[in-house]
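Peer 1:
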Amino acid sequence: MSAGKAASQKYNGKIPRAKRAKILSRKVVYRGRVYAVVVDRVREPKGVTALREVIRHHGSVVILAVDDSTSPPRVLLERQYRYAADKYLWELPAGHVDPGESPAKAARRELLEETGLTAKVWRKALHFYVSPGILDETMEVFLATGLTPGKAQPEDDER
452 MSAGKAASQK
462 YNGKIPRAKR
472 AKILSRKVVY
482 RGRVYAVVVD
492 RVREPKGVTA
502 LREVIRHHGS
512 VVILAVDDST
522 SPPRVLLERQ
532 YRYAADKYLW
542 ELPAGHVDPG
552 ESPAKAARRE
562 LLEETGLTAK
572 VWRKALHFYV
582 SPGILDETME
592 VFLATGLTPG
602 KAQPEDDER
């Protein structure tokens with residue numbers, strides 16, 4: 452189809468379904484507590500055969516906890532050491548979704564574990580792929596307001 456003909460056609464609002472790669476073989480090269488690494492041999496939609504190294508992950512959540520009892524409202528950040536970066540970083544509370552756990556439940560759990568806070572109002576704000584070139588992890592961002600302080604309940608590896 453020529454560019455002129457394509458431009459003259461009306462857009463119907465539907466996105467055409469993309470062709471998918473066909474998995475020819477799969478090898479799990481690492482399986483850990485939080486993620487697995489697989490090497491897939493695939494045939495791409497255009498016929499090219501390739502090896503794809505992919506990290507498989509259950510997903511994660513991040514919480515935008517807003518103290519709306521102050522003017523202006525304040526956003527909660529926490530400072531924690533991250534081994535991979537070998538630095539202390541300021542971050543929003545976040546964590547992984549356990550197998551079989553809903554992202555909403557994980558967000559509530561992570562906020563309580565890491566900060567001791569609970570929230571009256573929760574809203575899902577965003578859902579996205581973290582790094583889709585190598586990772587199938589999705590992250591859901593939740594807005595939490597109406598915060599109530601409590602005692603943090605960190606997991607053993609978060610102390």
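Taking this note's numbering, the leading residue of the sequence shown gets 452, the next gets one more, and so forth.
Glycine included, C-beta positions come from ideal geometry on N, C-alpha and C.
1) According to DSSP, simplified to helix, strand and coil, what is ALA558?
2) Do you know offhand how far LEU577's Cα is from SER522's?
3) Quick one: using the 10 Å Cβ neighbour count with 16 as the cut-off for buried, is PRO496 buried or exposed?
4) If you pair each beta-carbon of the region 517-532 with each one of the region 573-593, do three or more pairs fall below 8 angstroms?
5) Could you give the residue range of the beta strand (DSSP E) that holds THR521?
6) Is DSSP giving LEU563 helix, strand or coil here?
7) Quick one: using the 10 Å Cβ neighbour count with 16 as the cut-off for buried, is ARG628 buried or exposed?
8) Report yes if the CB atom of PRO554 is closer than 8 angstroms to the CB atom of ALA516, and no otherwise.
9) Compute the Euclidean distance between the alpha carbons of ILE614 and GLY551, then round it to the nearest angstrom.
10) Is the CB-CB distance between GLU490 and GLU504 below 8 angstroms?
11) Would a C-beta distance cut-off of 8 angstroms place GLU604 and GLU564 closer than the cut-off?
12) Answer with buried or exposed for LEU502, where buried requires no fewer than 16 other C-beta atoms within 10 angstroms of its C-beta.
13) Verify whether the separation of the beta carbon atoms of LEU598 and ASP518 is less than 8 angstroms.
Peer 2: From the atom records:
1) The sequence position of residue 558 within the sequence shown is 107, counting from 1. DSSP places ALA558 in helix when its eight states are reduced to three.
2) Within the sequence shown, the letter at position 126 stands for residue 577. Within the sequence shown, the letter at position 71 stands for residue 522. If I take the Cα positions, the gap works out to 25 angstroms.
3) Taking the sequence shown and counting its residues from 1, one reaches residue 496 at position 45. By the neighbour-count criterion, in which a residue is buried when 16 or more other Cβ atoms sit within 10 angstroms of its Cβ, PRO496 is exposed.
4) Output reads no: the region 573-593 does not touch the region 517-532.
5) As a working mapping, residue 521 is identified with position 70 in the sequence shown. Where THR521 is concerned, there is no enclosing beta strand (DSSP E), given that its DSSP letter is neither H nor E.
6) Numbered from 1 along the sequence shown, position 112 holds the residue referred to as residue 563. When DSSP states are grouped into helix, strand and coil, LEU563 belongs to the helix group.
7) One cannot answer for residue 628 here, as it falls past the ends of the chain, which runs 452 to 610.
8) The residue you call residue 554 lines up with position 103 of the sequence shown. The residue you call residue 516 lines up with position 65 of the sequence shown. Contact: no.
9) Nothing can be reported for residue 614: it is not among the residues displayed for the chain, which extend from 452 to 610.
10) The residue you call residue 490 lines up with position 39 of the sequence shown. The residue you call residue 504 lines up with position 53 of the sequence shown. It is Val, not Glu, that sits at residue 490 in the sequence shown. In this structure, the beta-carbon distance from VAL490 to GLU504 falls below 8 angstroms.
11) Sequence index remark: in the sequence shown, residue 604 carries index 153 (1-based). Sequence index remark: in the sequence shown, residue 564 carries index 113 (1-based). The sequence as given places Gln at residue 604; Glu does not occur at that position. Pairing GLN604 with GLU564 gives a Cβ-Cβ distance under 8 angstroms.
12) Mapped onto the sequence shown, residue 502 falls at position 51. So LEU502 counts as exposed.
13) Indexing the sequence shown from 1 puts residue 598 at position 147. Indexing the sequence shown from 1 puts residue 518 at position 67. Taking the C-beta atoms as reference points, ASP518 is found nearer than 8 angstroms to LEU598.
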